[in-house]
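Undergrad: My structure is below; once you've seen it, I'll send some questions.
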Amino acid sequence: MEKISVVVSCYNEEKALPLFYEEMERVRKQDFEGVADFEYIFVNDGSRDKTLEIMKKLRAQDSKVRYISFSRNFGKEAAMLAGLDAAEGDYVTLMDADLQDPPALLKQMYDVIKNEGYDQVGTRRVTRKGEPAIRSFFARMFYKIINKMSDIEMVDGARDYRLMKRKVVQAIISLREYNRYSKGLFSFVGFDTKWIEYENVERVAGETKWSFWKLFKYAIEGITAFSTTPLILSSVLGLFFCVVAFFAIILIIVRTLVFGDPTSGWPSLVCIIVFVSGIQLFTIGIIGQYLSKTYLEVKKRPIYIVKETEKDENNK
Ligand code: UDP
Ligand code: MG
Numbered sequence: 125m126e127k128i129s130v131v132v133s134c135y136n137e138e139k140a141l142p143l144f145y146e147e148m149e150r151v152r153k154q155d156f157e158g159v160a161d162f163e164y165i166f167v168n169d170g171s172r173d174k175t176l177e178i179m180k181k182l183r184a185q186d187s188k189v190r191y192i193s194f195s196r197n198f199g200k201e202a203a204m205l206a207g208l209d210a211a212e213g214d215y216v217t218l219m220d221a222d223l224q225d226p227p228a229l230l231k232q233m234y235d236v237i238k239n240e241g242y243d244q245v246g247t248r249r250v251t252r253k254g255e256p257a258i259r260s261f262f263a264r265m266f267y268k269i270i271n272k273m274s275d276i277e278m279v280d281g282a283r284d285y286r287l288m289k290r291k292v293v294q295a296i297i298s299l300r301e302y303n304r305y306s307k308g309l310f311s312f313v314g315f316d317t318k319w320i321e322y323e324n325v326e327r328v329a330g331e332t333k334w335s336f337w338k339l340f341k342y343a344i345e346g347i348t349a350f351s352t353t354p355l356i357l358s359s360v361l362g363l364f365f366c367v368v369a370f371f372a373i374i375l376i377i378v379r380t381l382v383f384g385d386p387t388s389g390w391p392s393l394v395c396i397i398v399f400v401s402g403i404q405l406f407t408i409g410i411i412g413q414y415l416s417k418t419y420l421e422v423k424k425r426p427i428y429i430v431k432e433t434e435k436d437e438n439n440k
């Protein structure tokens, strides 16, 4: 029988994880009994609460459960990669532990791959219910901007929740970049993707790990990882100001020769200097962003470090 790997990244999910397991098992028994085998891969991303203990407890009572525990918090992207690396199934699905990715959709996604010949099925939220309005606004703006700047298509509202065939998983894990932006990576590898839409569901327990600042940094990550348009923007701005300066110089030379008034214009000069230095710092900042990403990539540090897994238990 074919096997489905369910990869769940968990950071401080002691409240949500047992509920997730219960619901997922319910769906498995209802929809997949006799259809496919399952394995659960819980990735503990350096949680500070009892998440790991819960994983071990679930492992003890259910051999379908496997877990990977990191040496510290490496972020959701790293956790998802670790899960994909470890997954052995013919199909792999990525889910959050907070039940915002409804397990009940899984059968529908599975059927799409089985019957309609798609390689992967993604999910997107059509509503952002339960999210602060300002956050939705910035999210929408982000997708508008990045889709203008990048050749890779980013789908607004797309979640990480998806089901993919083994060959898609292989393609994703062959991308070993350090600055990972999964939404871009999934779109980069291509394959035939179908999108299933659903209404936003609120977190079942615990609280979100994404502050506005973290999301902002993640957005910058997405832009620098999949577009070099900001660098072109710097060049265009530079060129524009060169042209302006050129005509200004001619104007001033002519004016001085004709009217002979060398010392006027101090305030405007100061304004120009401040404005142009601002632009310079801004564009140096953009270049710095790309440079720092390059710096982190060339160091080739591991994307995550594993402290223990269920395999260690046998050796004790
Ligand atoms: N998560 C993680 N590492 C982190 C932050 C989050 O593995 O550093 C996991 C978290 O446990 C959850 C999923 O990523 O399963 C989504 O996180 P969250 O629900 O906080 O994000 P939101 O749904 O609010 O965007
Ligand atoms: Mg969530």
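In terms of the numbering used here, the sequence shown opens at residue 125 and continues consecutively.
Note that the Cβ used here is the ideal one computed from N, Cα and C, for glycine as well.
Small disclaimer: the values here were computed from a predicted structure and weren't measured.
#1: Counting only the same chain and skipping the five closest in sequence on each side, list residues whose C-beta sits under 8 Å from that of R290.
#2: Give a single yes or no on whether S416 has its beta carbon closer than 6 Å to a heavy atom of the ligand UDP.
#3: For the ligand MG, is there any heavy atom lying closer than 6 Å to the beta carbon of Q224?
#4: Could you tell me which uninterrupted alpha helix (DSSP H) segments, each at least 4 residues in length, are contained entirely in the segment 370–428, listed from first to last along the chain?
#5: Can you check DSSP and say which residues form a bridge with T216?
#6: Among N324, L205, R286, which has the Cα closest to the Cα of D316?
#7: Do you know how far the Cα of K268 is from the Cα of S351?
#8: With a Cβ-Cβ cutoff of 7 Å, do V328 and A140 count as a contact?
#9: Confirm, please, whether the CB-CB distance from E201 to Y302 is below 7 Å.
#10: Starting from F162 and walking both ways along the beta strand (DSSP E), at which residues does that stretch end?
#11: Thinking C-alpha only, which one of R190, S133, N271 is nearest N438?
#12: At a threshold of 6 Å, does A349 count as lining the ligand UDP (C-beta to nearest heavy atom)?
#13: Where do the ends of the beta strand (DSSP E) carrying K431 lie?
#14: Determine, for E255, whether the minimum Cβ-Cβ distance to residues of chain B falls below 7 Å.
#15: Please report the straight-line C-alpha distance between G346 and L357, rounded to a whole angstrom.
#16: Taking 6 Å as the cut-off, is the beta-carbon of R327 closer than that to any non-hydrogen atom of the ligand MG?
#17: Taking the Cβ atom as the reference point for each residue, do V293 and L208 lie within a distance shorter than 7 Å?
#18: Tell me whether E201 counts as near the ligand UDP, meaning its Cβ is closer than 6 Å to at least one heavy atom of that ligand.
#19: Excluding the five sequence neighbours on either side, which residues of its own chain have a C-beta within less than 8 Å of the C-beta of I297, listed in chain order?
#20: According to DSSP, is R190 helix, strand or coil?
#21: Can you find at least 3 beta carbon pairs, one from the segment 358–373 and one from the segment 160–180, that sit closer than 8 Å?
#22: Can you tell me whether R249 is buried or exposed, with buried defined as 16 or more other CB within 10 angstroms of its CB?
#23: Nearest to T433 by CA position, among T380, G158, S195, E149, is which residue?
#24: Quick check on the burial criterion: 16 or more other C-beta atoms within 10 angstroms. Buried or exposed for P227?
#25: Looking at the unbroken alpha helix (DSSP H) that takes in W337, where does it start and where does it end?
TA: Result, derived from the coordinates:
#1: G213, D214, Y215, V216
#2: no
#3: yes
#4: 390–422
#5: Inspection of the sequence shows that residue 216 is occupied by Val rather than by Thr. Paired residue(s): S129, M288.
#6: R286
#7: 13 Å
#8: yes
#9: no
#10: 161–168
#11: R190
#12: no
#13: 430–433
#14: Although the question refers to chain B, the structure presented lacks it and comprises just one protein chain.
#15: 17 Å
#16: yes
#17: yes
#18: no
#19: L205, L208, D209
#20: strand
#21: no
#22: buried
#23: S195
#24: buried
#25: 336–350
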